[in-house]
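Same order as they appear, the protein sequences are chains V and Z.
To get our numbering, take the position in the first sequence, counting from 1, and add 47.
To get our numbering, take the position in the second sequence, counting from 1, and add 18.
C-beta: ideal position from N, C-alpha, C; glycine also.
Read the structure below first, then the notes.
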Amino acid sequence: MRTLFIDTILRRILPAVVMMAAFLFPACGDGDTAEVVNVYSHRHYDADRQLLEMFTEETGIRVNVVSAGADQLIKRLEIEGEKSPADLLITVDAGRLYRAKERGLLQPVHSEVLERNVPAHLRDPEGHWYGMTQRGRIIAYARDRVEEEELSTYEALADERWRGRILVRSSENIYNQSLLASIILNRGRDAAETWARGVVANMARSPRGNDTDQLNALIEGAGDVALVNTYYVARLYEDSTAEKRAKAERVGVFFPNQQSSGTHVNISGMGMTKSAGNRENAIRLMEFLTSDRAQQLFAEANHEYPIRPEIPLPRVLAAWGTFRADTLHPTALGEQNWEAVKLFDEVDWR
Amino acid sequence: MPAQQRKPHDASTSDIRTSGITRSRIMWERLLRTVRVHVFFGLSGWTLAAGMLALLVAFPLLTIGVSLFDPVSDRWEHLVSTQLSTYISNSVILVLGVGMFTLLVGVSTAWLVSACDFPGRRFFEYALVLPLALPTYLVAITYAGAFGFAGTLYGSVQSTFGNAAAVAIAGNIMSREALIIVMGIVLYPYVYLISRASFMQQSHSVLEVARLLGRSPGSTFLRVSVPLARPAIAAGLSLVLMEVLNDYGAAKYFGVPTFTTGIFRVWSSYDSPDAAVRLAGMLLLLVILIVLFERMQRGHARYDNSVSVFRPGVRYRLRGFRAAAATVFALLVVTVGFFFPVGQLLYWAAGTPAELVDGRFLRMVLNSFGLAAMATVLCVLTAVILVYTARLHRTWLVRTITKVSVMGYAVPGAVIAIGVLLVLSWLDSTLEPLLRKSFGLSIGFLVTGSVLTLLFAYLVRFIAVSFQSIESGFQSVAERMDESARSLGAGGLRTLLRIDLPLIRGPLLAAGLLAFVDILKELPLTLMLRPFNFDTLATRAFELAQDEMPALAAGPALIIVAIGLLPVFLINSYFTRKWHHESAGTETSVENVSERTSPRG
């Protein structure tokens, strides 16, 4: 006997789906009135998760998180408007916080702790956002093919001697955009254009993959120098397999522009949303994330540089020594972002 | 079923008898019943329901389309003068390349397993669906991770073929050509599944006539089967092409600037979400062109079987070289599309600490599964209503509405998310004062940021998957069947439930399967619209992969694959079992159907 097809669906499948629904829906309703803080975050590292758990343990304030791309979260904030449940926006670069501020999505926060913990060049002058960690954009080089003395500045990478030797990811990447913006600010637009053209001419291949892919290509000899962020190199040095660690030995790290503007750094940061309904809790979380303990964890688990020089560095970062960072204000970089993007398109840096 | 349907009737009449209520009450009951029947199940009811559903689904897309008429900003002009032509040319090349690839692989494998017999056929019937469970970006990552610099196989290629070969392969593994192959090998199952369902539905008497008239297997395939399966093949192909157009992850990773990576560049780098939406609007136009082109080609031809006699077609038994070639071909396809990427994932997963299977993890599995199941039911139901209405009413308006509502599949998820958020937050802000006034409730958002938002967004995005499959299924059911049922007094709903749906159960299951697996893999919508603390397997795998640690992502990725496989197997086995069962017996479906629809009791 064959059972009717439709009956099968009605009797077996639908009830199962209804049960699923019953499981799913309670998960999203927050029935209790316990203290909470709601976070929209672009950061999805396990270190962050650990820190938020520590915060809840310490204060009893529960942290709710939605993590997605910063642009998507900003758009969601914008559409949700004043009724948005979010209290805090966390991004991986200050440029996005600058945008959120420009769109009127953030509100100023004044806290002695924050102002003491975060140096002035790593926060918004009006308190709309505060820096959390920083990362250097450095030149990684193949030790066996490049002498450290050959390297000096970002600008020098446009030199003909690097023809066919540079590895770098696409210009869609915000770290590259901020770097070019810093060159526009330090050297002027024309010099920046010459530089970008020079680098495109010197590329070992058209941009593809992420920073880790550039490092792997460097190790295998597809290029001799790569523009990457510090924590990717640190992670490679600390890889769990001995074979990878041995290969990572071939990569040297060079902090450019030490005699001039300083090495370009990008900042991961946070800002309170205009719609924040849990202001006090959000401020406590912001203060917690700039505390010594949190800063140490960022450095140890994620190899990011703390925002204050007095925090002890983990072994890998300490081995690279201290460096001079470019102190251009992120707001200035944010203002130049569009110029940088236009320039990239004009010189056809993919 | 008939018993269930009669219950309310019996209950009400006995009620009336026992309580002796006046005539007017009876009249009222009758009137109500008539209205109910006409409004919900009658002709106007179908159009109404379909119209409302289609509008609901089309609304977020319309907000995107409207942007085409917005004033142009200087950033838009900059885009047009610099990068737009690159985006267009790359997208067109990808569409053509992947389209050809999936047509060749999908149709040929579908024909092999449904009309021929060769060693391992039963196995390949299942295995050929497998790549469906893999997200494209993940397959891209595994190939780059295997053959790229410092990749898993880089060393072995180096020692076998020399350094130059290894560097050449690693240098080209992330290229436009490689992207065509990666996309093609992941996406061909759309064509395979839908055209296999159609090949199985084809009346074998037609094929037998072709054979009796002396056509060779190859000629029967090209001249009879493929033309008959054309709506199905076109349905599968259009899904593939829309999937190619909306892909972001793989194209971005390989550094191939396409329309969709362009949309995101405009959104994030140009800081101009409006220009991004405008680009998406142009993308929609492109899709409409593709759809129109296919329609025009097909003209007024119809593809239904007037006799749905599913009798055992005698399979072509392949021998010797041909049999070996068929097996090797199928094996190659499945290996490149599934076993290799999964092998790479397993290798990665084995070398990294396993994520703890704790409460959080179970929660993720439940979230993924529950969400996908509910959204699938929504998609299939809506698609059935839309297709059936378009079948009942072949009017221009109905067709246009249904066509617009399935465009969402070509639009990148994050752009759909904007449309969905706009619509829902508007709905919320209209609802809120109402609730406050009448109930004194102040609740912030009711729908926005809840699971409902996600369900709605999935419906907008994935209705096409169900729609295409179901529509092509309906096309092979003769309208005479419907007409007979209707003339025997069955209503629209009854005809649908008792005649049409049982006849198209293959495509119906294919529709559910495709939607389910697609939703399980979905990423950008889920990321952007999810409620607080809501993780799915896909978002977790992405977060890890995003962090440039593909090896860590391998664990959750494998579980997505495994869970995606479960329904693939269940439905596929239902499919093939039924088919073999039917093939084995001599009874015809028509007899079964007529037996079922004849009044009982």
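Residue i: contacting residues in chain Z (beta-carbon distance under 8 Å)
{"i": "R397 of chain V", "result": "G273, P275"}
{"i": "A269 of chain V", "result": "F167, V185, A188, G189"}
Listed by chain order, chain Z residues near residue i by CB distance under 7 Å
{"i": "R252 of chain V", "result": "G189"}
{"i": "V388 of chain V", "result": "S287, Y288"}
{"i": "I126 of chain V", "result": "L439, L440, S443"}
Unbroken alpha helix (DSSP H) run spanning residue i, endpoints
{"i": "A187 of chain V", "result": "Here A187 of chain V belongs to no alpha helix (DSSP H); instead the beta strand (DSSP E) covers 177-189."}
{"i": "R140 of chain Z", "result": "139-145"}
{"i": "L332 of chain V", "result": "326-336"}
{"i": "V156 of chain V", "result": "It is not in any alpha helix (DSSP H) - V156 of chain V carries neither H nor E in the DSSP assignment."}
{"i": "K270 of chain Z", "result": "267-272"}
{"i": "Q343 of chain V", "result": "339-349"}
{"i": "Y210 of chain Z", "result": "194-219"}
{"i": "K539 of chain Z", "result": "523-539"}
{"i": "V185 of chain Z", "result": "181-190"}
{"i": "L149 of chain V", "result": "The question names Leu, but residue 149 of chain V in the sequence shown is Glu. Unbroken alpha helix (DSSP H) run through E149 of chain V: 141-149."}
{"i": "G510 of chain Z", "result": "510-513"}
{"i": "K130 of chain V", "result": "Counting along the chain, K130 of chain V falls outside any alpha helix (DSSP H), and DSSP gives it neither H nor E."}
{"i": "P249 of chain Z", "result": "248-264"}
{"i": "V469 of chain Z", "result": "469-493"}
Neighbour list for residue i in chain V, Cβ cutoff strictly below 7 Å
{"i": "G467 of chain Z", "result": "P132"}
{"i": "G166 of chain Z", "result": "D260, N263"}
{"i": "Q101 of chain Z", "result": "D392"}
{"i": "M192 of chain Z", "result": "R255, G256"}
{"i": "Y161 of chain Z", "result": "Here the premise fails: no neighbours, minimum Cβ distance about 12 Å."}
{"i": "A432 of chain Z", "result": "Q119"}
{"i": "F550 of chain Z", "result": "N85, N111, V112, V113"}
Boundaries of the beta strand (DSSP E) in which residue i is found, first to last residue
{"i": "S315 of chain V", "result": "312-320"}
{"i": "Y87 of chain V", "result": "83-88"}
{"i": "G299 of chain V", "result": "298-301"}
{"i": "T138 of chain V", "result": "135-138"}
{"i": "A273 of chain V", "result": "272-276"}
Cα-Cα separation, residue i to residue j
{"i": "P291 of chain Z", "j": "W285 of chain Z", "result": "4 Å"}
{"i": "F347 of chain Z", "j": "L156 of chain Z", "result": "24 Å"}
{"i": "L527 of chain Z", "j": "T554 of chain Z", "result": "24 Å"}
{"i": "V424 of chain Z", "j": "I481 of chain Z", "result": "6 Å"}
{"i": "A294 of chain Z", "j": "G83 of chain Z", "result": "12 Å"}
{"i": "K483 of chain V", "j": "M192 of chain Z", "result": "Nothing can be reported for residue 483 of chain V, as the shown portion of chain V is limited to 48 through 397."}
{"i": "A408 of chain Z", "j": "R340 of chain Z", "result": "44 Å"}
{"i": "N181 of chain Z", "j": "N551 of chain Z", "result": "48 Å"}
{"i": "E450 of chain Z", "j": "K321 of chain V", "result": "20 Å"}
{"i": "N263 of chain V", "j": "F167 of chain Z", "result": "6 Å"}
{"i": "T259 of chain V", "j": "L519 of chain Z", "result": "51 Å"}
{"i": "V309 of chain Z", "j": "S256 of chain Z", "result": "8 Å"}
{"i": "A202 of chain Z", "j": "A269 of chain Z", "result": "Residue identity check: residue 202 of chain Z is Gly in the sequence provided, not Ala. Near 13 Å, if we compare the C-alpha coordinates of A269 of chain Z and G202 of chain Z."}
{"i": "A158 of chain Z", "j": "L410 of chain Z", "result": "44 Å"}
{"i": "A162 of chain Z", "j": "A580 of chain Z", "result": "22 Å"}
{"i": "G169 of chain Z", "j": "F239 of chain Z", "result": "42 Å"}
{"i": "R504 of chain Z", "j": "A253 of chain Z", "result": "28 Å"}
{"i": "N325 of chain V", "j": "Q383 of chain V", "result": "33 Å"}
{"i": "R560 of chain Z", "j": "Y92 of chain V", "result": "Reading the sequence as shown, one finds Phe at residue 560 of chain Z and not Arg. For F560 of chain Z and Y92 of chain V, the distance between alpha carbons rounds to 12 Å."}
{"i": "A344 of chain Z", "j": "I137 of chain V", "result": "54 Å"}
Neighbour list for residue i in chain V, Cβ cutoff strictly below 9 Å
{"i": "M546 of chain Z", "result": "V113, A115, G116, Q119, L120, K122, R123"}
{"i": "M218 of chain Z", "result": "Those within 9 Å of M218 of chain Z in chain V number zero; the least Cβ separation is about 15 Å."}
Neighbouring residues, chain V, relative to residue i (Cβ below 8 Å)
{"i": "W94 of chain Z", "result": "By Cβ distance, chain V contributes nothing, its closest Cβ being about 13 Å from W94 of chain Z, past 8 Å."}
Beta-carbon neighbours of residue i, restricted to chain Z and to distances below 9 Å
{"i": "T288 of chain V", "result": "G369"}
{"i": "I231 of chain V", "result": "Within chain Z, no residue comes near I231 of chain V; the closest Cβ sits about 15 Å away, beyond 9 Å."}
Expected contact under 8 Å - CB spacing of residue i and residue j to nearest Å
{"i": "V113 of chain V", "j": "Y87 of chain V", "result": "5 Å"}
{"i": "R184 of chain V", "j": "N85 of chain V", "result": "About 32 Å; that fails the 8 Å criterion."}
{"i": "L197 of chain Z", "j": "F272 of chain Z", "result": "5 Å"}
{"i": "V298 of chain V", "j": "A189 of chain V", "result": "7 Å"}
Cross-strand partners of residue i (DSSP beta bridge)
{"i": "R109 of chain V", "result": "V:V83"}
{"i": "Y352 of chain V", "result": "V:Q181"}
{"i": "Y334 of chain Z", "result": "Z:C134"}
{"i": "I213 of chain V", "result": "V:M250, V:V272"}
- Taking a cut of 8 Å between CB atoms, which residues from the region 275-300 of chain Z lie near chain C? Protein chains in the displayed structure are V and Z, and chain C is not among them.
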